[in-house]
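A.B. asks: Right, I'll just put the structure down here and ask away after.
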Amino acid sequence: MTEMMELMNDYTKREEDICRKNDNIDRRLYDEYGVNRGLRDENGNGVLTGLTKISKIVSTRIEGNKKVPCDGELWYRGYKVENLIHSLGPDQMGFEKIAYLLLMGELPSKVEEATFRDIIGRCRTLPTNFTRDVIMKAPSEDIMNSMTRSILTLASYDKNAKDISVSNSLRQCIQLISEFPLLAVYGYHAYNHYENNQSMYIHNPDPELSTAENLLRMLRPDMKYTPTEAKVLDTALILHMEHGGGNNSTFTTRVVTSSGSDTYSTIAAAMSSLKGPKHGGANIKVMEMMENIRENVKDYADKEEVAAYLNKIIDKQAFDRKGLVYGIGHAVYSLSDPRERVFKQYVKQLAKEKGREEDLTLYENIEELAPELIAKKRHIFKGVSPNVDFYSGFVYDMLGIPKELYTAIFAIARIVGWSAHRIEELICTDKIIRPAYMSVMEEKLTIE
4 MTEMMELMND YTKREEDICR KNDNIDRRLY DEYGVNRGLR DENGNGVLTG
54 LTKISKIVST RIEGNKKVPC DGELWYRGYK VENLIHSLGP DQMGFEKIAY
104 LLLMGELPSK VEEATFRDII GRCRTLPTNF TRDVIMKAPS EDIMNSMTRS
154 ILTLASYDKN AKDISVSNSL RQCIQLISEF PLLAVYGYHA YNHYENNQSM
204 YIHNPDPELS TAENLLRMLR PDMKYTPTEA KVLDTALILH MEHGGGNNST
254 FTTRVVTSSG SDTYSTIAAA MSSLKGPKHG GANIKVMEMM ENIRENVKDY
304 ADKEEVAAYL NKIIDKQAFD RKGLVYGIGH AVYSLSDPRE RVFKQYVKQL
354 AKEKGREEDL TLYENIEELA PELIAKKRHI FKGVSPNVDF YSGFVYDMLG
404 IPKELYTAIF AIARIVGWSA HRIEELICTD KIIRPAYMSV MEEKLTIE
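Per my numbering: the sequence shown = residues 4 to 451.
This is the structure we're talking about:
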């Protein structure tokens with residue numbers, strides 16, 4: 004196998020230049036034919052491809068005849084996300100309640116919420132020997148790949164795996180929402196044991212606890228956590244749960260659903276999309292950048308020193324030399340990301356509990372300085388501001404969550420949104436999503 008891999012590597016390296024020559028398309032042709040690369044115009048606006056009642060993102064307002072940037076808004080089923088979070092009690096875990104809202108389209112009554120929580124708790128289990136035979140069989144540092152393999156394998160335990168009726172798909176989605184924390188945490192523990200030679204802990208979830216509480220319980224050797232830790236993680240899950248139909252993984256969900264494919268294949272496809280560093284892997288890049296900044300900035304409170312190093316990053320002289328301040332800016336939002344605004348107050352609580360105020364000062368200084376520095380050095384069509392990923396990695400670090408699980412935590416939340424969009428696509432649309440590509444190939448009339 005090693006010899007074959009070396010042979011293939013040598014072959015593909017030689018052939019890469021041929022691929023690059025024949026697959027290269029002149030950028031000017033996109034303008035000539037009116038093709039929006041990435042399905043976005045030059046202002047970052049997405050090409051309209053569908054309608055949804057599930058969520059809404061607001062980043063601009065009409066004033067007179069002009070579209071102007073405004074503070075960002077994120078709505079779930081007619082409610083602003085910050086209002087939903089603020090409606091919860093200080094110690095109330097809201098993931099399950101908001102999941103019901105996104106899936107069913109309305110807030111649950113007390114009885115409906117209790118029933119839904121009970122079902123989620125009861126479904127938070129895996130088939131007999133699944134952890135041993137599937138998750139532990141091929142441990143991987145890439146937890147997203149491990150989870151995707153497990154999702155597809157779960158289909159073989161479902162007698163109605165291919166039934167795409169709304170009721171059956173809803174049942175499958177609820178089961179996967181319940182099982183995702185187990186797939187992620189057990190996948191990590193298997194990797195950490197077999198690859199890092201560390202002790203392995205496989206704690207059973209408590210059906211009486213929330214998703215956030217069970218995540219911390221299953222991850223930690225002593226199964227202990229504080230109310231603040233659980234509340235902050237619960238808030239993070241709610242904020243990452245859904246973000247409009249146009250993001251890459253949700254659009255993938257709708258595309259695969261439109262083909263008539265089953266729930267397991269659809270969610271596996273969404274997972275493959277989310278794991279990309281341009282999508283769900285962004286918070287890991289923020290953490291890598293922050294580690295680099297800490298190594299090169301002595302006084303976190305010195306704004307001049309922080310600004311000087313940020314300028315080096317923007318000028319492609321430091322960190323990964325790509326000129327990006329990760330966590331600053333968003334494809335849709337300009338003046339502010341509502342998720343970051345809501346999340347920050349919880350970040351402050353956790354930083355105080357963990358004694359990480361000095362690190363928080365560095366984050367806050369970057370949050371203040373980076374947008375100004377970027378605006379001075381870049382020609383941008385809209386403003387830039389911190390996005391939710393700017394702080395989420397910091398929170399996961401304070402919670403002791405390993406980096407291998409960062410994107411998996413995102414998936415544990417976002418599967419709710421994927422599920423809601425799958426159900427909406429099944430109910431509302433009977434056409435396969437099939438966009439067009441214009442061929443610009445050179446026609447060859449003779450074969451040499």
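Just so you know, even glycine gets a beta-carbon here, dropped at the ideal spot from N, CA and C.
Which residues share a DSSP beta bridge with Leu219?
C.D. replies: Bridge partners of Leu219: none, in fact.
A.B. asks: With distances taken from CA atoms, which of Ala304, Ser261 and Asp323 is nearest Lys288?
C.D. replies: Asp323
A.B. asks: Please confirm whether Tyr160 and Pro130 have their CB atoms less than 8 Å apart.
C.D. replies: Yes, the Cβ-Cβ distance between Tyr160 and Pro130 is below 8 Å.
A.B. asks: So, using beta-carbon positions, are Gly190 and Ser149 closer together than 8 Å?
C.D. replies: yes
A.B. asks: In the DSSP assignment, what residue or residues form a beta bridge with Gly49?
C.D. replies: Arg43
A.B. asks: Count the other CB atoms, across all protein chains shown, that sit within 10 Å of the CB of Tyr36; report buried if there are 16 or more and exposed otherwise.
C.D. replies: exposed
A.B. asks: Taking Glu360 as part of the alpha helix (DSSP H), name the residues at either end of that continuous run.
C.D. replies: Glu360 to Lys380
A.B. asks: Assuming Ile123 is part of the alpha helix (DSSP H), what are its boundary residues?
C.D. replies: Unbroken alpha helix (DSSP H) run through Ile123: Lys113 to Cys126.
A.B. asks: For Ile241, count neighbouring C-beta atoms within 10 Å of its own C-beta (all shown protein chains included) and say buried if the count is 16 or more, exposed if not.
C.D. replies: buried
A.B. asks: Give the DSSP bridge partners of Lys83, in chain order.
C.D. replies: Trp78
A.B. asks: Which same chain residues, not among the five before or five after Leu32, have their C-beta less than 8 Å away from its C-beta?
C.D. replies: Val38 and Val443
A.B. asks: Please list, in chain order, all residues of the same chain as Ser395 whose beta carbon is under 7 Å from its beta carbon, the five residues on each side excluded.
C.D. replies: Ala239 and Asn286
A.B. asks: Rounding to the nearest angstrom, what Cα-Cα distance links Met96 and Leu236 in this structure?
C.D. replies: 9 Å
A.B. asks: Could you name the residues that DSSP lists as bridge partners for Arg425?
C.D. replies: Partner(s): none; Arg425 has no beta bridge.
A.B. asks: Note the first and the last residue of the continuous beta strand (DSSP E) segment covering Thr63.
C.D. replies: Ser58 to Glu66
A.B. asks: Are the CB atoms of Ala378 and Tyr267 nearer to each other than 8 Å?
C.D. replies: It is not a contact, given that the beta carbons lie outside the stated cut-off.
A.B. asks: Tell me the DSSP secondary structure of Lys69 in three-state form.
C.D. replies: Three-state DSSP puts Lys69 in a strand.
A.B. asks: Buried or exposed: which applies to Asp62, given that a residue is buried once 16 or more other Cβ atoms fall within 10 Å of its Cβ?
C.D. replies: In the sequence under discussion, the amino acid at residue 62 is Ser, which differs from the Asp named in the question. Under a 10 Å Cβ-count criterion, Ser62 is classified as buried, with 16 or more other Cβ atoms of the shown protein chains found around its own Cβ.
A.B. asks: Out of curiosity, what's the CA-to-CA distance linking Ala414 and Tyr366?
C.D. replies: 25 Å
A.B. asks: So does the stretch 434-449 actually touch the stretch 269-286, counting three or more Cβ pairs closer than 8 Å?
C.D. replies: no
A.B. asks: Let me know the secondary structure DSSP gives Pro341 once reduced to three states.
C.D. replies: helix
A.B. asks: Does any C-beta atom of chain C lie closer than 8 Å to the C-beta of Arg17?
C.D. replies: Going by chain labels, chain C is absent from the structure shown, which holds only one protein chain.
A.B. asks: Check for me: the alpha helix (DSSP H) holding Val391 runs from which residue to which?
C.D. replies: Val391 to Met401
A.B. asks: For Ile177, which three-state DSSP category applies?
C.D. replies: helix
A.B. asks: Kindly list the residues whose CB is nearer than 7 Å to the CB of Leu104, restricted to its own chain and excluding five residues on each side of it in sequence; keep chain order.
C.D. replies: Tyr79, Arg80 and Leu110
A.B. asks: Which residue comes first and which comes last in the alpha helix (DSSP H) that contains Phe254?
C.D. replies: Asn251 to Ser261
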